[in-house]
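Asker: Can you read through this structure? Questions will come right after.
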Amino acid sequence: MNIVAATMSNPIHPTSQTPQQLTLTKLKQLMPEAFSEGQLDIRKLTALLSEQDIAPVQEAYGLSWAGKHQVYRELKTPTSQTLVPQPDESVDFDTSQNLFIEGDNLAVLKILQKSYHSRVKMIYIDPPYNTGNDRFVYADDFSESIADYKARAGQTDEDGNLTHSDGMRGNRKENGQYHSNWLNMMYPRLALAKSLLREDGVIFVSIDDEEVANLRLLMDEIFGEENFINQISVHSKLTAGASGGGEDKKLKKNIEYLLCYTRNNQFFDKFSEVYEKESLMTHILDYKSKGKSWKYTRILVSEGDKEYFDTIKDGSDQDIKIYKHTNVVMKTITDVSKEEKLSEDEVYKKYFEKIFRDTNAQSSIRQRVIDATGNDESFYSIEYYPISGRSKGKLTTLFYKGRNKDLLAWLSDIAERDEDGELIKKQKLGTLWSGIGWNNITKEGGVKFSNGKKPVEFIQKMIQLLSDNEDSLILDFFAGSSTTAHAVMDLNVQDGGVRKFIMVQIDESIDKQKNKDEFQFCVNNGMPPNIAEISKERIRRAAAHISSELPESVDSEALDFGFKAYKLADSNFIPWQQPASYDADSLMAQLEKHLDPIVDTATTDGIITELMLKEGYTLTADVIEVDGYYLVTQNDALIDNFDADSSDNAGTSMRLAIVLDDMTTSKATQIIARAPNKTLIMDRAFSDDANKANIVLQFEDAGLVVGCV
């Protein structure tokens, strides 16, 4: 794409902007004195920073591997590729805010850098685990066309899909660079993903014990050790254990890992409280079957008569009122069951709020109560206002009994009654996730997919951990069968959220012999046999299933069960190529190609989409055709994503006008009246040079930015 800046505007970048370019722009704003003639002067930057902020060059702690420097170069290499809309493969293309992008995730992440910088609340990925049988070593080179890429990487099938012998070559353990290859694949993708996260955003990465140590160091380097949140152990499944090569000596593997990092710990608040739940009676029976003693077996039937006893102070000099109780009635679950001829389950349900256990846990308040009341056998209660904790600022009552003043701990603190009246045991989610249903995941979503499918519940736990996530954007760029999309749609129904998703999946072919069920599923449904097709079909089927079972109380109009489909493709614009020689004929031939730089296969929608992305507009921005031109509106614009002065664009709406044909002074007048932030005009739209000069002058006189393509 040959871009000419017709006024003081920044020209369109013919390739994607890299994170390094975006970082340099911000650095120039923060420290302009470190730049000389537009270039970063490392010596000036070093001089401006204090010595203690600069690590010694000779030695440094970190992860090193074969090919790391090449990865840095790859990360800084932009792509000229683009995304092409696929309305026929979409559901509710014109209205949906969800996205499915088919193509190599590295190229896609590069394309999304400007438009989606700092927009994503959560990223979840389930990358190849590097077991020795994985196919993941992508032929990462974006200076070539899609066709050249596939030809270089290997053979494609008759439909043009990637086969197992091409971009995803095997990475066997016998390979001398077994770990290095995996790290070379992961590093640029994680680095690009980081820049898409909001400052308070988080990323979750599933991994097993083969690469968890390397992944931890890799993510420490990319995200920073200070932004590490948790390493979660996930009780996934029982396996038969490895055999051969001495591996049968190992313990059976039933744990996977989930690494979690935030982009910026200063902005990350905290995780919301999420609880693992199961039937209380099931929990009690399981507890007893293991020979454990279930403690919540007593009922405070009556608090008796309450009389003021004393007022003492807590450690913060706040009042604690003590009351003495007489005629207190306490019974066991067994006694009440016999007296009232109720089952144990019925007793628990009837007296749920009054069931307790004794605990002599040490606390400063308990000791103050002991000091104030002595060692008699009486029953006491206290009332006070905690200054911290979950009951902060609320009037709180605690009960103490017996000579030791044992505290009454209520069953209702660890369990709850659901809307059907059933009692549910709850436990705050920690770093060991168990109880997730893995046995039936092959049936989830209604598609055949056996390669690492994750349960919907597993993804939903991560989303629920996020605070303020009801309208979040969720990204998964190793989408697989699109479990993440399924989880987002289902959770929106559960809690009324309006979360949106972006799924990215390469069109990896399905091996007819190794994956017979998946292959036949595609054939039976008239789909090309590749994983991207299964991924899209999963979203369609999950959406249909969820919408068919909506409760009457849920407003279906407020839910988004659709998605806009896009495919990675070569640019709609002819790339500038250096001529073989610089004689007049060669230069003229090259220039003639760019009189109209649009490729023959370009579509209007494709051109508009490419220009939107290069200008920082998202794929869900509003696009309308008005009087022979297109107007793109980004209602939730982030100023940093645009080549714009934030002082002049303090609002949340940005507008881009695009003219593809027949540019006239009257059309310019109409556009100027709408005062877009920028106007792009195809060079071919001008009738002649005079027409172009006059129209550019119109925009300049109006104080508006115009660019010619």
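Going by the numbering used here, the letters in the sequence shown line up with residues 26 to 734, in that order.
A virtual CB, placed ideally from N, CA and C, is assigned to each residue, including glycine.
Would you check whether the ligand NAP has a heavy atom nearer than 7 Å to the C-beta of residue 228?
Answerer: In terms of ligand content, the structure shown is empty, and the ligand NAP therefore cannot be addressed.
Asker: Quick check: what's the CA-CA separation for residue 284 versus residue 242?
Answerer: Roughly 11 Å separates the two Cα atoms.
Asker: Cα separation between residue 581 and residue 570?
Answerer: One C-alpha to the other measures close to 13 Å.
Asker: Counting only runs of 4+ residues fully inside the region 255-331, write out the alpha helix (DSSP H) ranges in chain order.
Answerer: Taking only runs of at least 4 residues, the alpha helix (DSSP H) segments lying wholly in the region 255-331 are 305-314.
Asker: Let me confirm a value: residue 474 is counted as buried when at least 16 other C-beta atoms fall within 10 Å, else exposed. Which label applies?
Answerer: It counts as buried.
Asker: By the three-class DSSP mapping on this structure, what secondary structure does residue 168 have?
Answerer: For residue 168, the predicted model reports a pLDDT of 46, less than 50, meaning its position is unreliable; a value from the coordinates is still stated below. Coil.
Asker: So, under 8 Å CB-CB, residue 468 and residue 498 are touching, yes? Tell me the CB distance rounded to an integer number of Å.
Answerer: That belief does not hold up - the Cβ atoms of residue 468 and residue 498 are roughly 28 Å apart, past 8 Å.
Asker: Just the C-alpha distance for residue 229 and residue 376, rounded to the nearest angstrom, thanks.
Answerer: Cα to Cα, the separation comes out at about 41 Å.
Asker: Run through the DSSP bridge pairs and tell me what residue 107 is partnered with.
Answerer: According to DSSP, residue 107 bridges with 594.
Asker: Tell me whether residue 463 sits in a helix, a strand or coil according to DSSP, three-state version.
Answerer: Three-state result, residue 463: coil.
Asker: For residue 500, which residues of its own chain have a beta-carbon under 7 Å away from its beta-carbon, when the five flanking residues on both sides are left out?
Answerer: The residues are 145, 148, 221, 527.
Asker: Are the beta-carbon atoms belonging to residue 530 and residue 300 less than 8 Å from one another?
Answerer: No, they are not a contact pair.
Asker: What does the Cβ neighbour count give for residue 457, buried or exposed, with the cut at 16 atoms within 10 Å?
Answerer: Exposed is the call here.
Asker: Would you report the Cα separation of residue 335 and residue 378, rounded to the nearest angstrom?
Answerer: Residue 335 and residue 378: Cα-Cα distance of roughly 27 Å.
Asker: Residues in the same chain with beta-carbon distance under 6 Å from residue 659, minus the five sequence neighbours each way, listed in chain order, please.
Answerer: 642, 646, 679.
Asker: In this structure, does DSSP put residue 654 in helix, strand or coil?
Answerer: Strand, per DSSP.
Asker: Around the C-beta of residue 415, are 16 or more other C-beta atoms found within 10 angstroms, so that it is buried, or is it exposed?
Answerer: Under this definition residue 415 is an exposed residue.
Asker: Let me make sure I understand the geometry here. Which of 584, 638, 417, 562 has the alpha-carbon closest to that of residue 596?
Answerer: Out of 584, 638, 417, 562, 638 has the C-alpha closest to the C-alpha of residue 596.
Asker: So, helix, strand or coil for residue 350, using DSSP?
Answerer: DSSP places residue 350 in strand when its eight states are reduced to three.
Asker: What number of angstroms, rounded off, separates the C-alpha of residue 349 from the C-alpha of residue 368?
Answerer: About 33 Å.
Asker: Tell me the DSSP secondary structure of residue 114 in three-state form.
Answerer: Helix, per DSSP.
Asker: With residue 402 and residue 427 assumed to form a contact (beta carbons below 8 Å), what rounded beta-carbon distance in angstroms separates them?
Answerer: Between residue 427 and residue 402 the Cβ distance is about 6 Å, and since that is below 8 Å, they are a contact.
Asker: Would residue 74 be called buried (16 or more neighbouring beta carbons within 10 Å of its own) or exposed?
Answerer: That one is exposed.
Asker: Measuring only the C-alpha atoms, how far is residue 657 from residue 681?
Answerer: Each residue's Cα considered, the two are about 5 Å apart.
Asker: For residue 702, count neighbouring Cβ atoms within 10 angstroms of its own Cβ and tell me buried if that reaches 16, exposed if not.
Answerer: With 16 or more other Cβ atoms within 10 Å, it is buried.
Asker: Assuming residue 227 is part of the beta strand (DSSP E), what are its boundary residues?
Answerer: Looking at the DSSP string, the run of the beta strand (DSSP E) that includes residue 227 is 222-232.
Asker: Taking only runs that begin and end inside the region 459-533, name each unbroken beta strand (DSSP E) of 3 or more residues, in chain order.
Answerer: With a minimum length of 3 residues, the continuous beta strand (DSSP E) runs that stay inside the region 459-533 are 498-501, 525-530.
Asker: Could you check which residue in 566, 684, 258 has the C-alpha nearest to that of residue 278?
Answerer: Selected option, being the one with the closest Cα: 258.
Asker: Between the alpha carbons of residue 387 and residue 93, how many angstroms are there, rounded?
Answerer: If you take the alpha carbons of residue 387 and residue 93, they lie about 53 Å apart.
Asker: Going by C-alpha distance, which of 394, 429, 626 is nearest residue 383?
Answerer: Of 394, 429, 626, the residue nearest in Cα terms is 429.
Asker: Report back the beta-carbon spacing between residue 115 and residue 587 to the nearest angstrom; my notes put them in contact at under 8 Å.
Answerer: Confirmed, about 7 Å.
Asker: Let me know if residue 508 comes out buried or exposed under the rule of 16 or more other beta-carbons within 10 Å of its beta-carbon.
Answerer: With 16 or more other Cβ atoms within 10 Å, it is buried.
Asker: Going by C-alpha to C-alpha distance, which of 440, 344, 466 sits closest to residue 421?
Answerer: Cα-wise, what sits closest to residue 421 is 344.
Asker: Whole-angstrom Cβ separation of residue 649 and residue 624, contact assumed at under 8 Å?
Answerer: That belief does not hold up - the Cβ atoms of residue 649 and residue 624 are roughly 25 Å apart, past 8 Å.
Asker: Are the region 126-144 and the region 540-550 touching by the rule of at least three beta carbon pairs closer than 8 Å?
Answerer: No, the region 126-144 is not in contact with the region 540-550.
Asker: Going along the chain, which residues of its own chain have a beta-carbon closer than 7 Å to the beta-carbon of residue 122, five neighbours each way excluded?
Answerer: Around residue 122: 525, 585, 645.
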